[in-house]
Every structure is written in structure tokens, then in C-alpha cells.
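Chemist:
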Amino acid sequence: MKKVYTFIICLLFATGAVVFCAFPRSTYSQIEKRDLAALPEFSFEKLFDGSYTREISSWFSDTEPFREELMAFSMYINEKKGMAVQGEENITFHAGNAAAEDDNRTIDDYENNVTADENAKLADSGTIIVGSGPNVRALMIYGGSSNGGGCFAEMVNKYKRTFGSRVNVYCMAIPIATDFYLPDKAKGRSHSSLPTIRNIYAHLDPDVKAVNVYTTLANHAKENIFLRTDHHWAPLGAYYAARQFAEVAKVPFKPLADYEKRVVHRFVGSMYGYSKDRAVKNAPEDFVFYVPKNVQYTTTYINYDLNEQLRVVSESKPYQGQFFTKIKDGSGNAYLTFMGSDFKLTKVTTGTHNGRRLLIIKDSFGNALPGNMFYSFEEIHVVDFRYFTKNMTAYVNGNRITDILFAFNIFNCNASGACNRVVKYLTQRDGTYSAPTPSRSAQPASTNPADALLPTDDQMPDIAPAIDSRQPEQTDPTRPTPQQSALPQDPQESAEPVITAE
Amino acid sequence: MVFSDLFFIYVFIPAFALCYLLGGLIDKHILGDAGSKSLAARNTMLVVFSLIFYAWGEPTYVFLMLGSVLVNYLCGMAIHRSTARRKGALAVGVGLNLIILGTFKYLGFFARQLIGLGMEVEAPEIALPIGISFYTFQSISYLVDVYRKDSPVQRTFKGLLLYISMFPQLIAGPIVRYGTVADEINARHVSRDDIAEGVYRFLIGLGKKVIIANQFSEIADQFLVTDFANLTASGAWVGILAFTMQIYFDFSGYSDMAIGIGRCLGFHFNENFNHPYCCDSISDFWRRWHMSLGSFFRDYVYIPLGGNRRHQPLNIFVVWFLTGMWHGASWNFIIWGLYFGFIVMTEKYTLLRVKDRIPGVLLHVYSLVLVVLGWGIFYFEDFGQMTRFFTVLFGGGELHDFVTESALASNFWLWVVAVLFCMPLRRQAAQGIARLFGEGTPTEQAIVMTARLVYSVAALVLSTALLVGATNNAFLYTRF
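Just so you know, the sequences run in chain order U and X.
Counting in my numbering, the first sequence runs from 178 upward without gaps.
Counting in my numbering, the second sequence runs from -4 upward without gaps.
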């Protein structure tokens, strides 16, 4: 009997050893949406300080054969070790505050009437899981304060002062789902974006136009304006935000009836990878987006090639492509529908003729905006705040831009490195392919787990990690290097202090 | 390298097993003959792999360990050979071990105390070599045992190196006394039973560490690694209870794995834990917790100082001071040691005299509360944090929020399993089965081995899955 026992267990060890040593190793994690560790390079220096062997060990356990299956199994165990807690499903619907939307600088408080009584629990990376079952929602924790966002306001002001009365400059600070769906019992765990947004708008020059999308979104909080399983907003939320912007900018805007509704089914977004909570995976959602009908438009892209530090090293010739990328049902990359990625400069020429030409300087939240503006502007230029190689002043003048919209989510509104970079675009020379070397690259690791998801888009795997040649729906020829697909960390941004709860 | 590392389980162990078996063949067919059984090749393999194991984590400090073994080897020989100077040789040997430990573990701490007193010294930044607390204590036990003639001297450097560096117990104990394994270094026999028992024991330890301790470490960190702004009283209790579970399953898991691997090689290490959380007094707790450390201090410090014959309170104070200090160069560990010393002393004159008349449940609750509060002292090396933690723990902040419920509810079965495994379930189940089916009968054997097989397969598969992508995984006691 003992012989049998020893034989079976040794056989199991041997099988494990053969599988883990001889089978092809995993290189990419779908669940975490990142490339896995690479085999470290040998050097005697690394051997003697112990980092070589340490990296070998972590490489070995990071690139296990069958990693995805084992990881899924591990999450299954983690789910089963708990008791199923049923949230109370008594959602009450109240009409939102009918705020005066003409004054975009005064923002009313919002009271959560949608998920106030839901259950909440903490998950990995300081995420909060709200409710249960098919309506479960994963939220990020925001740690910013009423002192945050000054840099963002300064950046917008700087653009306004540069272009003066020739160009309208708009400032849209975009809140996150946590602002609208945080249950009462978890209130102490995350700050609201509102104090930061108020601070930003208070610091704007009088001739900059604020776009208060906080109230707009609050008024539609019972609709699907935010994705439940992704850190981005939903296209519907972006549509309402675009409508608010159009009102402020006094440009035409069409109702949803003029759009064709399209759906990517069974979408599970980035929050699954962050929270590692299977409840999120088990609650896929429809990614619903709206494609304008009855309007002609052509989209021209310039693609950027990036190096390991996420700097632009070269760019493609302009070429025409689709604005809306087809994404397969079940893909975790549905948010890439808009323009396919962040690593590009986009110009859309529409059939609208009103002399208005818009430049959007945005993070990935902003990707969902331009598709709603084809009826409103005759040209729309889309610049990601992280990547731009030309001289911005010349670009705005040369393209006879009439309106500049800044659309950042609240995390990036706090990232002064990001703001400084965008200001630098105004004066950098055409064809700037590598920004200055970072002077302060080391940032002490935060010990507070709540900081894990803070504070900048640069530290969030945004939509960048989703780009991968193994995913056939990608039409994007830009293939980032492995490091880009991991957490995009810009040395300059990461040197910024982490926002902490105070 | 740590035991709960996929690289260790699926590369190091298989490679070592193959080489060790190869060594066995060399011993049998080349080195040995019918009359004398050789272990030379196997011991060489064991030493080589132990050095690789240590160098994997400490590529430079491995030479410190080799140097330490050499010193101890020479001192051991001197004690053995000389009659006049054997006391001197012992003093030199023990002194050198303490100097090594003092330099690499406590120098920075001492310097900081002097700076605190206003002296102008420079605090050196010396990284703690893994396992130094364990191997210096083993070296001391070797020298003293040879001096006392409790154990024979180890005549070869390789033999002593094998004893000190043997990878199963090298970096986190148990503190194996030289006498325990002295004979087995050069003459040991491994039966099929040994291997089956050893493998089973290793997998029990692996399960304790990976399935239980690692999960509790996440819960504990969630509450205890914090700026205390969000910590509630209920959260503080859950956090420190989670740490209570973590440290037991982590450390006893490591000991199980060490004992298991040792058994597979033919070594019989002493037990290090005996269900400490089932204790009925703090004195009882310390007879069940980290037994190899307690007995070391008893035999090499307490009794030589005079034990209970001369100035016993002083002896007790010294022992507990050192017990605390052994755990780390920080005042909180010393306070933690003295805290238990004080309780043990008090119990001696109060509780232990009336223990028979108090209900077991009360004794148990009393002990556990004191143990858990002790872990609160143990956890926080920073006094400011410790003070704030205890303030919150006793209601000096918010009392409760959803995070506590979520930590309990979403880990419900983990808590249940952990509480059950704190009790001597395996022993009771085995006894029950033996009573039902008769001890040693084929039915009993079949049931026991089937149960073990099911557990072992499950533990290995679960642990492997949980270790994929795991990052924060080091054993707590490798720090000490």
C-alpha cells in the first residue's frame, strides 16, 4: 500500500517536472493582459548580487506551461473558499438632480441612488466588487483630493494663452464609475472625484470653457454609462458627455436615432485582471457602441512605433483606415473599437461643413468621444497625451484648428508629468522622437495596497496591453514591444508622487 | 530558494532526487562492498545541492557559511583532542559564532541604540544572511555537545558541513541538534516506509504553507499593512487573527517540509510544533511552539545559568530576553519575548497552581487571547504603528466596516479549514480508524493510505495552481 502511495506521488512529481521543464512555456497572459517575464540575461554582477537566481525563479513561475488554466483554477479555488453573499437587489430609481447645465463650473453633489445598498467587498489591486451575480460591478479606488488637478488646469490654461481668442479651449475632467456606483458601506474606501474636479474648474482661466460631465453622467447614472467589468466608461456615457460638450461648444449634435447601435457580446474587461475575482468574469456584459449613420467621413492615421520606454521612435506615413474597428464577440478588447489603439495620430474628415475643426487631446477615456462628433465638426484630430512628435503650435495653426478639447479621466488629471509633457508639445520641434531622459526615475514603492491602482493612466494598463498580434481581430499594424504590453510606465510620469488618501 | 517555489518543487527536487539516486548506485557498486555500506557519494550530492540551494538566495553569504563551518570544525577538533585547553577552545568557538551572529544580525541594531544614546557611531547597513540564526545555533549546539561529550566529534569537514548546510533545515529550522543526526550522517537506512512518510509529511507542509498561510498573509496584509486611517476595530482583530493563522501555518508548514525531506533521506529530525493553539496556558504554548528553539535555550542557556537552582528569576528573564531577540534585531521582538517571560513567571505562581479547578474552555480562551495579542507586538517593528494598532484594536477608532465582513465571508472556508487544522485532527482520525478496523489490519492500512493519497494529490495540485503567478511568498521564519 505504501509502495503504491509513493509510486503515485513520485509519478505526479515527475509528471509535473517534465511538464513544467519541457513543455512550451507561456508567454502572454490573457487574464492579466500582459506579456510574461522573460528569461533573464546572465551577468556575473547579477549572479553575485542574487538577482539572477531570483529572476530565474520568478521567470519560472511566471511562464508556467498551462499558466492560464492553472490561474483560472486558482481563481476558482479562491472563489470557492468564500461564502456566497447575496446582495439586496432593491434598487430604487430616483430622477437625478436636474442641475443647471449651462453653468459648467458649478457642480452639484451626486447621491448614489443606484447601488447605494449593494454589497461590497475588497478584491486584488484595491478594487471594490459591488453586488453579485450578472450585475456585479468592479470599481477602482480613487485617492485624489480637493488639492489635486491643478497641473491639469494649468496645462489647459497654457493652451488657451498660447492660442488666444482664435481657438476655443475646453476642459473635460472625466469622473470614474466609482463616483456613481460606490455603495454606502464602502464610502470610506474611495474618494470622490468631485472635489478634484471642482478644484480644476476653479483654477481655469475665465476664457477656458469647462465641460461639466460629472452632472451629465450623474443624471444618467441608472443607464449603462460605465462598463461594469472595465475601468473605462461605456460608449453611452461618452455619448452623453459629447452631447454636453456640443452644447458648450455650440455645435450641432444628433440624437441616438441617427446612430446605428452595434454590440460586442460577452465582453469582460480589464477589471477582471485587476480584481482577479471570478465574479467579474462570470458577469460578462454587452459592449454597446454607436456608429453614425448618414454621414460621410474618412479616417487618416499616422501610427507610432514605440520603444521599451514607451517613447515614439518612428512613425508611419499617413494612411486611411476604419474609425470603428471590428472586435469579435467574447473579446476582452472591445474598448479598442475606437481607432484600434492609443499609439497613433488620428484625423477624421467628415461631411459636415461648418468651419469648425476640433482637436481632442485625450487619454483612453477620450477615445470614445470623437465617434459622436462627426455631425458637429468638419475635421476631428485626435492626439493621445502620451504620444506626439510634431510641434503642437504649428499643428494647430497649420490645420486651422478652431476648438481644442482636453478630455482626461480623473487619475490623469492628477498626473503632473503628463500635463508637463502636453505643455512641452507646444514648443517641441517637429519630428521629436525621443523625449529627454528621465532625471528622477526611481519611485519608492508604495506600501499601501490601496495605491496599487493609483494614480495615472500611465500606471494603468489602459488599453495598450490589449494590443497583441495573437488576437486576430486587431487590424492595427502597430505591434508594441513586450514591455509596452506590460504596465506602461513612463519614467517621467512614474516619478510623480502617488496620490494618497488623506 | 524557498520550499514553496515552483522552481524548487519541479526543478530542484527532481534534479536532486536523480543525483541522489545516482549517488546511491555509486555507493553501492563502486565505493561500498558487502561489509561496509558507503554513503560517501550520497553525502557529497547532498552537500553540493545544499550549497546550491543556499547560494541560490545568498550567492555571497554562502562563503560566510562555509567559513563558519570551518571554524566550528577546527574548534570541535580542538575540544576533542585537547584535555587542558578544551574549555578555551569551546569559548573561542562559541564566541566566534556569537560574533558572526552579532555582526550580521545585530550590529546595525546596537549601533542605532548607541546613536539613540547620543553617541556618534555609524550604523552599518548589513543585509541579514538567510538562516544565520539557525545555523549559528546549530553550530553552538555542536560545540557544546562535543564539549559535554554528549556527542562524538565530527571528524571530517564534509560531515560537519553536511550537518550545518543540509538544505531541508538550513534556512528556517527546525534547529536540529547535532546529537539528533550525528549517527545518521555516516550510517542511515531509508526504508520504503520512510519515503512514504517523508513525502506525505512534505506535502502536508506544502499545503499548510501554500493553501493556508499564503491566503492568510493576504488577509493580514489587507488590514495590517496600512496607514490606519481606514482600519476598524473589527478589521484589526480579523487582521491579527489572520496573522496568527499565517505565522503558525507558515512556520509549522516549513518544519513539516523539512522533517519530510529529511525523512526521505533517512534523517529523523525532532518535531518542532505540537498543535500550539490547543494550549491551555502560555507555559503550555511554549512547550508546543517552536520546540527546537525552546529546548535549545533550556539546555544551552537556562540550565548552565543555574536553572531553577540558582537565581531562577534572572535566568528566566535572560532566556526570554534572548528568545525575543533571536527573532530579530528590533525592540518589539525583545518586548514580545519579555511579555511571554512575564506571563510564564506569573503563571508559575498563580495559574498553574489552580489550573485543575478551572474549566478547560476558559484556560484555552485565556491563552489564545494572550497569544494573539502577542502577535500584535510581534508584527509591528515600528512603535508608532504598534501603538496605533492597539489603540484601534481596543476600540479607539471606527468599530466596523464592510471590509471585515468581506474578509470573513469571502474566505469563510479558509477560516474553517485553518481552525480545524490547528487541532490534532489527523492524529484523532488515525486513532478512530485504528479503533474501528483494528490497528495494522489491511483494511485500516487501505483506508489510511487512500486518505493520504487523496490529500496528497489534492495538496500538490492545489499548491501548484496557487503558486502560479504568486509573488509574495517567502517564509516568515527565514527572516529570523
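All C-beta atoms, glycine included, are put in the ideal place defined by N, C-alpha and C.
May I ask you to verify whether the stretch 562 to 579 of chain U touches the stretch 598 to 606 of chain U, counting CB pairs closer than 8 Å and requiring at least 3?
Modeler: Touching, per the Cβ criterion.
Chemist: Quick one: is X:A79 near chain U, going by C-beta distance under 8 Å?
Modeler: Here residue 79 of chain X refers to the residue found at position 84 of the second sequence. It does not; no Cβ of chain U falls within 8 Å.
Chemist: Looking only at C-alpha atoms, which of X:M72, X:L448, X:F268 and X:L20 sits nearest to X:D140?
Modeler: Here residue 140 of chain X refers to the residue found at position 145 when the second sequence is read from its first residue. Among X:M72, X:L448, X:F268 and X:L20, the Cα nearest to that of X:D140 is on X:M72.
Chemist: Could you check whether the stretch 112 to 125 of chain X touches the stretch 139 to 157 of chain X, counting it as contact only if at least three pairs of C-beta atoms, one from each stretch, sit closer than 8 Å?
Modeler: No: fewer than three Cβ pairs fall under 8 Å.
Chemist: Mind listing which residues of the stretch 209 to 241 of chain X have their C-beta closer than 8 Å to chain U's C-betas, in chain order?
Modeler: Correct list: Q210, D216, Q217, V220, T221, D222, A224 and N225.
Chemist: Evaluate contact between the stretch 457 to 477 of chain U and the stretch 311 to 329 of chain U, counting only Cβ atoms and requiring at least three cross-stretch pairs below 8 Å.
Modeler: Cβ pair count under 8 Å is three or more, so yes.
Chemist: Secondary structure at U:S681, three-state DSSP: helix, strand or coil?
Modeler: For chain U, the structure presents residues 178 to 679; residue 681 of chain U sits outside this window and is missing.
Chemist: Do we get a CB-CB distance below 8 Å when we pair X:I311 with the residues of chain U?
Modeler: Looking up residue 311 of chain X in the second sequence gives position 316. Answer no: the Cβ-Cβ gap between X:I311 and chain U never drops below 8 Å.
Chemist: When you compare the CB positions of X:F262 and X:E179, do they come within less than 8 Å of one another, or not?
Modeler: Position 267 of the second sequence, counted from the start, is the residue given in the question as residue 262 of chain X. Position 184 of the second sequence, counted from the start, is the residue given in the question as residue 179 of chain X. Taking 8 Å as the Cβ cut-off, X:F262 and X:E179 qualify as a contacting pair.
Chemist: In its own chain, which residues sit with a C-beta less than 8 Å from the C-beta of X:R352, not counting the 5 before and 5 after it?
Modeler: In the second sequence, counting from the first residue as 1, residue 352 of chain X sits at position 357. Once the five neighbours on either side are set aside, X:R352 has no close Cβ partner at all.
Chemist: In chain order, which continuous runs of the alpha helix (DSSP H) of length 4 or greater are located wholly inside the stretch 383 to 412 of chain X?
Modeler: The stretch 383 to 412 of chain X contains these whole alpha helix (DSSP H) runs: 397 to 404.
Chemist: Thinking just about the alpha-carbon of each residue, which of U:P495, U:V195, U:I306 and U:P469 is nearest to the one in U:K362?
Modeler: Position 185 of the first sequence, counted from the first residue, corresponds to residue 362 of chain U. That would be U:I306, whose Cα lies nearest to the Cα of U:K362.
Chemist: Who are the Cβ neighbours of X:A402 in its own chain at under 6 Å, not counting the five residues just before and after it?
Modeler: For the purposes of this step, residue 402 of chain X is taken as residue 407 along the second sequence, with counting starting at 1. So the list reads I214 and V233, once near-sequence residues are dropped.
Chemist: Just how far apart, CA to CA, sit U:K298 and U:V441?
Modeler: Within the first sequence, numbered from 1, the residue matching residue 298 of chain U stands at position 121. Within the first sequence, numbered from 1, the residue matching residue 441 of chain U stands at position 264. Cα to Cα, U:K298 sits roughly 28 Å from U:V441.
Chemist: Taking 8 Å as the CB-CB limit, is X:S325 close to chain U?
Modeler: Residue mapping note: residue 325 of chain X aligns to position 330 of the second sequence, counting from 1. Chain U, which has no Cβ nearer than 8 Å to the Cβ of X:S325, makes this no.
Chemist: Does the stretch 327 to 347 of chain U come close enough to the stretch 425 to 436 of chain X to have 3 or more Cβ pairs within less than 8 Å?
Modeler: Contact between the stretch 327 to 347 of chain U and the stretch 425 to 436 of chain X is absent, because fewer than three Cβ pairs lie under 8 Å.
Chemist: Is X:V398 close to chain U, meaning its C-beta is less than 8 Å from at least one C-beta of that chain?
Modeler: Position 403 of the second sequence, counted from the start, is the residue given in the question as residue 398 of chain X. Chain U contact via Cβ: present.
Chemist: Beta-carbon within less than 7 Å of U:Q497's beta-carbon, same chain only, minus the 5 sequence neighbours each way: which residues are those?
Modeler: On the first sequence, residue 497 of chain U is found 320 positions in, with the first residue counted as 1. Cβ within range, chain order: T475, T476 and T477.
Chemist: What residues from the stretch 281 to 305 of chain U come within 7 Å of chain X, judged by C-beta to C-beta, listed N to C?
Modeler: The stretch 281 to 305 of chain U vs chain X, Cβ under 7 Å: A297, K298 and L299.
Chemist: Spell out whether any CB of chain X is found under 8 Å from the CB atom of U:F200.
Modeler: Counting from 1 along the first sequence, the entry for residue 200 of chain U is found at position 23. Not an interface residue.
Chemist: What's the C-alpha gap between X:I159 and X:S250?
Modeler: What you label residue 159 of chain X is simply residue 164 of the second sequence in a count that begins at 1. What you label residue 250 of chain X is simply residue 255 of the second sequence in a count that begins at 1. C-alpha separation (whole angstroms): 16 Å.
Chemist: Hey, would you say U:V425 sits closer than 8 Å to U:N549, going by beta carbons?
Modeler: Along the first sequence, one-based indexing puts residue 425 of chain U at 248. Along the first sequence, one-based indexing puts residue 549 of chain U at 372. Contact: no.
Chemist: Using a Cβ cut-off of 8 Å (strictly closer), state whether U:A584 contacts chain X.
Modeler: In the first sequence, counting from the first residue as 1, residue 584 of chain U sits at position 407. Cβ-Cβ to chain X under 8 Å: no for U:A584.
Chemist: Between which two residues does the beta strand (DSSP E) holding U:P469 run?
Modeler: Walking along the first sequence from the start, residue 469 of chain U turns up at place 292. U:P469 -> beta strand (DSSP E) spans E462 to P469.
Chemist: Apart from the five residues on each side of it in sequence, which residues of its chain come closer than 6 Å, Cβ to Cβ, to X:M(-4)?
Modeler: Along the second sequence, read from residue 1 onward, the residue named residue -4 of chain X stands at position 1. Answer for X:M(-4): F3, F48, W51 and G52, listed in chain order.
Chemist: For U:H442, which three-state DSSP category applies?
Modeler: Sequence index remark: in the first sequence, residue 442 of chain U carries index 265 (1-based). DSSP places U:H442 in strand when its eight states are reduced to three.
Chemist: So is U:N255 buried or exposed if we call it buried at 16+ other beta carbons inside 10 Å?
Modeler: Within the first sequence, numbered from 1, the residue matching residue 255 of chain U stands at position 78. It counts as buried.
Chemist: Name, please, each residue of chain X whose Cβ falls closer than 9 Å to the Cβ of U:A215.
Modeler: In the first sequence, counting from the first residue as 1, residue 215 of chain U sits at position 38. Residues of chain X passing the Cβ test: none, with the nearest at roughly 15 Å.
Chemist: At a CB-CB cut-off below 9 Å, which residues of chain X make contact with U:F237?
Modeler: Reading the first sequence from its first residue, position 60 is the one you call residue 237 of chain U. Correct list: D0, L1, F2, Y5 and V6.
Chemist: Just confirm the distance between the C-beta atoms of X:F280 and X:P271, as a whole number of angstroms; I'd bet it's less than 8 Å.
Modeler: As a working note, residue 280 of chain X is residue 285 in the second sequence. As a working note, residue 271 of chain X is residue 276 in the second sequence. At roughly 6 Å, the Cβ-Cβ gap stays under 8 Å, so X:F280 and X:P271 are in contact.
Chemist: Is it the case that the stretch 191 to 202 of chain X contacts the stretch 82 to 96 of chain X, given that we only count it when at least three CB pairs across the two stretches are under 8 Å?
Modeler: Cβ pair count under 8 Å is below three, so no.
Chemist: Any contact between the stretch 414 to 428 of chain U and the stretch 438 to 452 of chain U? By contact I mean 3 or more CB pairs, one from each, below 8 Å.
Modeler: No, the stretch 414 to 428 of chain U does not touch the stretch 438 to 452 of chain U.
Chemist: When DSSP labels each residue in this structure, what does U:R202 get in the three-state scheme?
Modeler: Position 25 of the first sequence holds residue 202 of chain U. The answer is coil: DSSP assigns U:R202 none of H, G, I, E or B.
Chemist: Just to make sure I have the definition right: I need the residues of chain U whose C-beta is within less than 8 Å of the C-beta of X:E376. Which are they?
Modeler: Position 381 of the second sequence, counting from 1, holds the residue named residue 376 of chain X. What X:E376 touches in chain U: nothing, since even the nearest Cβ is about 13 Å away.
Chemist: For a test of your reading of the model: does the CB of X:I214 fall under 7 Å from any non-hydrogen atom of the ligand PLP? Yes or no.
Modeler: Ligands displayed in this structure: none; no statement on the ligand PLP is therefore possible.
Chemist: What residue does the alpha helix (DSSP H) around X:T175 start on, and which one ends it?
Modeler: The residue labelled residue 175 of chain X in the question sits at position 180 within the second sequence. Note, X:T175: alpha helix (DSSP H), Y173 to N181.
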